[in-house]
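Trainee:
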Amino acid sequence: MLLITLLAVLTTLFAGWRTWRRLRFFLHIFQLEGYKPAEFGAWVRQRLGTVGLRLSHRLAAMELVLVSVGSAVASPYWVAAVALPAWATTFASSRLYRSGREKKPLAYTNRMRRLLAATAVLAAAPVLAGLVMWVDGGLAAVAWFLGGFFLADLLAPLWVLLAAALMHPVERSIQEGFKRQARHRLKQRPDLEVISITGSYGKTSTKFILKEVLSQRFNVLATPSSYNTPMGLCLVVNDMLKPEHQVLVLEMGIRHPGDMDELCEIVRPNTGVVTSVGIAHLESMGTIERIAAEKARMIDHLQPDGVTVLNADDERVAAMAERAPGRIWRVSVRDRADADITGTDITYGRAGASFLVRDETGDERRFRTRLLGEHNVTNILLAVAVGRAMGLRLRQMAYAVARLEPIEHRLQLREDGPVTIIDDAFNANPIGARNAVRILGQFDAGRRVIVTPGMIELGERQWEENRTLGEHIAEHVDLAILVGREQTAPIQEGLRARSFPEDRLKIVDSLWDAQSFLKTYLREGDVVLYENDLPDQFDA
Numbered sequence: 006m007l008l009i010t011l012l013a014v015l016t017t018l019f020a021g022w023r024t025w026r027r028l029r030f031f032l033h034i035f036q037l038e039g040y041k042p043a044e045f046g047a048w049v050r051q052r053l054g055t056v057g058l059r060l061s062h063r064l065a066a067m068e069l070v071l072v073s074v075g076s077a078v079a080s081p082y083w084v085a086a087v088a089l090p091a092w093a094t095t096f097a098s099s100r101l102y103r104s105g106r107e108k109k110p111l112a113y114t115n116r117m118r119r120l121l122a123a124t125a126v127l128a129a130a131p132v133l134a135g136l137v138m139w140v141d142g143g144l145a146a147v148a149w150f151l152g153g154f155f156l157a158d159l160l161a162p163l164w165v166l167l168a169a170a171l172m173h174p175v176e177r178s179i180q181e182g183f184k185r186q187a188r189h190r191l192k193q194r195p196d197l198e199v200i201s202i203t204g205s206y207g208k209t210s211t212k213f214i215l216k217e218v219l220s221q222r223f224n225v226l227a228t229p230s231s232y233n234t235p236m237g238l239c240l241v242v243n244d245m246l247k248p249e250h251q252v253l254v255l256e257m258g259i260r261h262p263g264d265m266d267e268l269c270e271i272v273r274p275n276t277g278v279v280t281s282v283g284i285a286h287l288e289s290m291g292t293i294e295r296i297a298a299e300k301a302r303m304i305d306h307l308q309p310d311g312v313t314v315l316n317a318d319d320e321r322v323a324a325m326a327e328r329a330p331g332r333i334w335r336v337s338v339r340d341r342a343d344a345d346i347t348g349t350d351i352t353y354g355r356a357g358a359s360f361l362v363r364d365e366t367g368d369e370r371r372f373r374t375r376l377l378g379e380h381n382v383t384n385i386l387l388a389v390a391v392g393r394a395m396g397l398r399l400r401q402m403a404y405a406v407a408r409l410e411p412i413e414h415r416l417q418l419r420e421d422g423p424v425t426i427i428d429d430a431f432n433a434n435p436i437g438a439r440n441a442v443r444i445l446g447q448f449d450a451g452r453r454v455i456v457t458p459g460m461i462e463l464g465e466r467q468w469e470e471n472r473t474l475g476e477h478i479a480e481h482v483d484l485a486i487l488v489g490r491e492q493t494a495p496i497q498e499g500l501r502a503r504s505f506p507e508d509r510l511k512i513v514d515s516l517w518d519a520q521s522f523l524k525t526y527l528r529e530g531d532v533v534l535y536e537n538d539l540p541d542q543f544d545a
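Just so you know, our numbering puts 170 at position 165 of the sequence shown, and the rest follows in order with no gaps.
1) Does DSSP put Thr473 in a helix, a strand or coil?
2) Report yes if the C-beta distance between Ile351 and Val382 is below 7 Å; otherwise report no.
3) With 16 other CB atoms within 10 Å as the buried threshold, where does Asn224 fall?
4) Beta-carbon within less than 6 Å of Met395's beta-carbon, same chain only, minus the 5 sequence neighbours each way: which residues are those?
5) Does DSSP put Gln51 in a helix, in a strand, or in coil?
6) If contacts are defined as beta-carbon pairs under 8 Å, then Val165 and Thr124 qualify, I think. What distance do you get, rounded to the angstrom?
7) Taking the alpha carbon of Asp622 as the reference point, which residue from Asp305, Asp340, Gly277 and Gly422 has its own alpha carbon closest?
8) Alpha carbon to alpha carbon, what distance is there between Val424 and Arg528?
9) Can you tell which of Pro262, Thr211 and Leu399 has the C-alpha that lies nearest to the C-alpha of His380?
10) Using the three-state DSSP reduction, which class does Ser210 fall into: helix, strand or coil?
11) In chain order, what residues of the same chain lie with their CB nearer than 7 Å to the CB of Asn440, ignoring the 5 residues before and after it?
12) Three or more C-beta pairs closer than 8 Å, one from the segment 224 to 233 and one from the segment 302 to 309: is that the case here?
13) With a cut-off of 8 Å on the beta carbons, I'd call Val218 and Val454 a contact; round off their distance for me.
14) Please state if the CB of Leu167 and the CB of Pro131 are separated by a distance shorter than 7 Å.
15) Taking 6 Å as the cut-off, is the beta-carbon of Leu219 closer than that to any non-hydrogen atom of the ligand COA?
16) When the Cα of Val254 is compared with those of Thr203, Glu498, Trp25 and Val282, which residue comes out closest?
17) By alpha-carbon positions, which one of Gln221, Leu474, Leu215 and Ala358 ends up nearest to Val1?
18) Under 7 Å between the Cβ atoms of Ile333 and Ala324?
19) Using 7 Å as the threshold, is the C-beta distance between Pro506 and Glu470 below it?
20) Which residue marks the beginning of the beta strand (DSSP E) containing Arg185, and which one marks its end?
21) Within 10 Å of its beta-carbon, does Tyr113 have 16 or more other beta-carbons around it, so buried, or fewer, so exposed?
22) Quick one: what's got a C-beta closer than 7 Å to Trp83's C-beta in the same chain, skipping five residues either side?
23) Work out the CA separation of His306 and Leu121 for me, nearest whole Å.
24) Out of Ile512, Arg452, Gly207 and Met236, state which residue places its alpha-carbon closest to the alpha-carbon of Val278.
25) Are the beta-carbon atoms belonging to His286 and Arg260 less than 7 Å from one another?
26) Helix, strand or coil for Tyr535, going by three-state DSSP, please let me know.
Now the structure itself:
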């Protein structure tokens with residue numbers, strides 16, 4: 006029995022380690038999907054044959070059958086002695102889940118810790134039940150012990166969903182408490198100027214630009230990174246807002262109908278900025294008209310005398326002017342006659358961009374920035390409009406814009422030895438992607454290389470938009486490295502439509518494979534554009 010006990014302990018360690026890895030994997034996906042059961046369930050259903058039911062599960066199920074049959078016709082001792090290590094080896098030595106290559110690691114927030122504990126308890130239930138059956142039934146019942154671990158591992162996605170359902174009332178109560186606290190804190194600060202920014206693209210960039218511009222005169226707090234969800238806003242208001250802050254700049258993101266109302270129930274802005282309306286999140290919103298309507302809800306929630314700042318070059322954004330409660334500021338890089346702030350004579354180079362800004366008084370000043378792209382010029386003009394509404398002069402704002410550092414992973418220009426890198430890994434929208442490719446095409450000192458898996462979450466437009474991107478790449482790029490053969494099929498089609506040479510097209514399985522190839526390919530003067538990088542929950 007000593008041998009059986011030792012084998013049982015080793016089997017438990019192997020299977021427990023494997024089960025933990027699998028539970029952690031699905032908890033990570035659940036977090037990446039915004040803790041939304043419907044999105045998580047859809048993700049799992051689409052991958053049942055790969056991550057849902059793996060080869061190791063099939064092999065382990067066959068061994069469980071053999072163990073059950075063997076216990077009836079042979080010595081239970083020898084069946085257990087053979088079955089335990091064989092089953093553990095099969096079940097625990099299969100291809101591992103992600104190791105150190107997570108792009109956005111699992112964040113062990115308080116919510117995730119609560120969910121993890123509930124998931125662990127549920128997953129442990131069949132293991133404990135199997136152990137009890139084994140103890141009561143003796144060696145002949147060893148299959149129950151192995152079967153408990155099998156169910157704990159196989160049903161990992163189910164345990165996550167059940168745990169989320171059990172914890173939902175708790176999480177809802179906690180979140181409502183955070184919202185009440187945030188509303189109370191803001192009510193105590195009638196002096197605070199609250200500026201909200203929404204849009205399909207450009208929210209985060211505009212936010213950081215605006216913070217730098219307004220900091221010339223005010224003490225500004227802006228939400229860090231992409232904190233644009235209800236709990237993200239609550240975290241900023243409850244934990245980061247200090248009495249000395251005069252301006253609060255908030256980013257407001259939406260993925261589903263009703264999201265904007267939930268955000269604006271927490272905070273009602275004095276100034277609202279709308280950057281763009283595009284097909285980002287078309288899959289969850291349904292139509293671009295619904296996306297525009299949801300973005301416009303922010304303007305509906307402005308204070309009665311609230312200021313509205315709009316990108317007049319976007320027709321859907323420009324149409325929101327009719328919903329504005331107070332002063333409207335329009336910006337344009339097309340020199341529109343109705344624009345209050347315009348940017349013209351835009352030029353690009355290795356040092357960044359240069360353009361002429363004219364304000365509502367007719368005053369003009371040349372701005373220079375290290376930021377690349379026409380869309381960044383628009384983002385700067387939006388910040389300038391807010392600055393003018395708050396009394397800043399062009400001279401002050403030009404100085405602030407010149408000091409702007411490129412935002413990480415958003416057309417970030419940097420040098421990697423003798424090679425120039427344009428890091429646009431966080432971009433995933435058609436307009437921004439095509440703009441980035443055009444910028445790459447303006448570099449002529451070396452070979453121009455793009456690394457991309459294409460764009461996602463574009464609903465029924467995804468194939469068409471990626472095919473168009475492929476045609477655009479063919480016009481501006483010397484070498485195209487596509488990540489994922491199936492994912493990039495429409496890009497390949499677009500490249501071939503423009504007769505892009507096959508010897509200048511390379512398809513790899515992962516970003517790391519692309520980087521390994523570039524280590525031996527690149528030479529002095531080459532320019533590499535990293536355009537989009539699929540989130541962890543998406544497959545190349």
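The beta-carbon is built from N, C-alpha and C at its ideal position, and this holds for glycine as well.
Mentor: To lay it out plainly:
1) It is helical.
2) In contact: Ile351 and Val382 (Cβ atoms closer than 7 Å).
3) Exposed.
4) When the five nearest sequence neighbours on each side are left out, no beta carbon in the same chain lies closer than 6 Å to the beta carbon of Met395.
5) In the three-state reduction of the DSSP assignment, Gln51 falls in the helix class, which pools H, G and I.
6) Their Cβ separation, rounded to whole angstroms, is 6 Å, which keeps Val165 and Thr124 in contact under 8 Å.
7) Examination of residue 622 is not possible in this model, given that the chain is present from 6 through 545 alone.
8) If you take the alpha carbons of Arg528 and Val424, they lie about 7 Å apart.
9) With distances taken between Cα atoms, His380 lies closest to Thr211.
10) Taken through DSSP and simplified to helix, strand or coil, Ser210 comes out as helix.
11) Taken in chain order, the residues that qualify are Gly378, Glu379 and His380.
12) Contact between the segment 224 to 233 and the segment 302 to 309 is absent, with fewer than three C-beta pairs closer than 8 Å.
13) Actually they are not in contact, since the Cβ atoms of Val218 and Val454 sit about 34 Å apart, beyond 8 Å.
14) The answer is no: Cβ separation not under 7 Å.
15) The ligand COA is not among the ligands present in this structure, which contains no ligands whatsoever.
16) It is Thr203 whose Cα lies nearest to the Cα of Val254.
17) With the chain running from 6 to 545 in the structure shown, residue 1 is simply not present.
18) The answer is no: Cβ separation not under 7 Å.
19) For Pro506 and Glu470, no; Cβs fall outside 7 Å.
20) Bounds of any beta strand (DSSP E) do not take in Arg185; it lies within the alpha helix (DSSP H) bounded by Ala161 to Lys192.
21) Tyr113 comes out exposed.
22) For Trp83, the pLDDT reaches just 43, beneath the cut-off of 50, and the residue's location in the model is therefore unreliable, although a value from the coordinates is still provided. None.
23) Answer to the nearest angstrom: the Cα atoms are 37 Å apart.
24) When only C-alpha atoms are compared, the closest one is Gly207.
25) Result yes, Cβ atoms of His286 and Arg260 sit closer than 7 Å.
26) In this structure, Tyr535 counts as strand in the three-state DSSP scheme.
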